[in-house]
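In what follows, a single structure is set out as structure tokens and then discussed.
Numbering (our numbering), first residue to last: 1 to 201.
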């Protein structure tokens, strides 16, 4: 399917390595009989947006059947390094980012983030929940953020918040808490399973 919505937009999914709580890579843990990572990939693909997964080197082979994969060069420097890597990888002016463990973000939300960032030429357009909390890994970033990310890393920090603070043009999109539900524990998996069952009942 061609990307009829945003022809030069690319999607990035951040998928870390092994999780102690899950005993393996969290992104491959099954939620309602599907690997967790498949939810975000499918949301991008349904919009016709090409997607690349950034993951640890030891997971590249395991994830290569799902989408294009880049080995994470963070070496413990977290999502700032991954965002810099993404910014230097994409060919367009902006990219959408999702973490692998936030499976319920809708295509409508992704399009709002993408259109808003492009139309206003934002450095970042980030999701914000009902409490006012910003989710910096659910958003649309300009590819030009690589310099801010590099400045943060060069200063010895790995804080994504410090990177966002360096960006001069940032806005926030209110997003339903249900979409921003983040899976960090096995109890979260059970809650997500229940939500899926209710939605298809």
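Note that CB positions come from ideal geometry on N, CA and C, so glycine has one too.
Separation of residue j from residue i, as counted between CA atoms
i: residue 127; j: residue 198; result: 25 Å
i: residue 48; j: residue 165; result: 32 Å
i: residue 106; j: residue 154; result: 35 Å
i: residue 139; j: residue 95; result: 8 Å
i: residue 188; j: residue 182; result: 8 Å
i: residue 2; j: residue 24; result: Confidence at residue 2 is low in this model, with a pLDDT of 44, below 50, so the placement of that residue should be treated as unreliable; the coordinate-derived value is given next. The alpha-carbon atoms of residue 2 and residue 24 are separated by roughly 34 Å.
i: residue 55; j: residue 158; result: 17 Å
Burial state of residue i (16 or more Cβ within 10 Å)
i: residue 185; result: exposed
i: residue 72; result: buried
i: residue 190; result: exposed
i: residue 156; result: exposed
i: residue 142; result: buried
i: residue 200; result: exposed
i: residue 92; result: exposed
Beta strand (DSSP E) segment containing residue i, residue limits
i: residue 37; result: Taken as a continuous stretch (DSSP letters only), residue 37 belongs to no beta strand (DSSP E), being part of the alpha helix (DSSP H) at 37–46.
i: residue 98; result: 94–99
Residue i, enclosing alpha helix (DSSP H) - first and last residue
i: residue 113; result: 107–119
i: residue 79; result: 78–89
i: residue 194; result: 186–200
i: residue 170; result: Where residue 170 is concerned, there is no enclosing alpha helix (DSSP H), although the beta strand (DSSP E) it sits in stretches over 170–174.
i: residue 144; result: Careful: residue 144 lies outside any alpha helix (DSSP H) and carries neither H nor E.
i: residue 166; result: 160–166
Spatial neighbours of residue i in its chain, beta-carbon cut-off 7 Å, leaving aside the 5 residues before and after
i: residue 130; result: 177
i: residue 168; result: 123
Cut-off 8 Å between Cβ atoms - residues of its own chain near residue i, not counting five sequence neighbours on either side
i: residue 66; result: 35, 37, 38, 41 and 53
i: residue 170; result: 122, 123, 124, 125, 126 and 164
Bridge-paired residues (DSSP) for residue i
i: residue 133; result: Answer by DSSP bridge pairing: none, since residue 133 is not bridged.
i: residue 22; result: Looking at the DSSP assignment, residue 22 forms no beta bridge with any residue, so it has no partner.
i: residue 180; result: DSSP output for residue 180 lists no bridge partner at all.
Same chain only: Cβ atoms within 6 Å of residue i, ignoring 5 sequence neighbours per side
i: residue 46; result: 107
i: residue 174; result: 128
i: residue 43; result: 107
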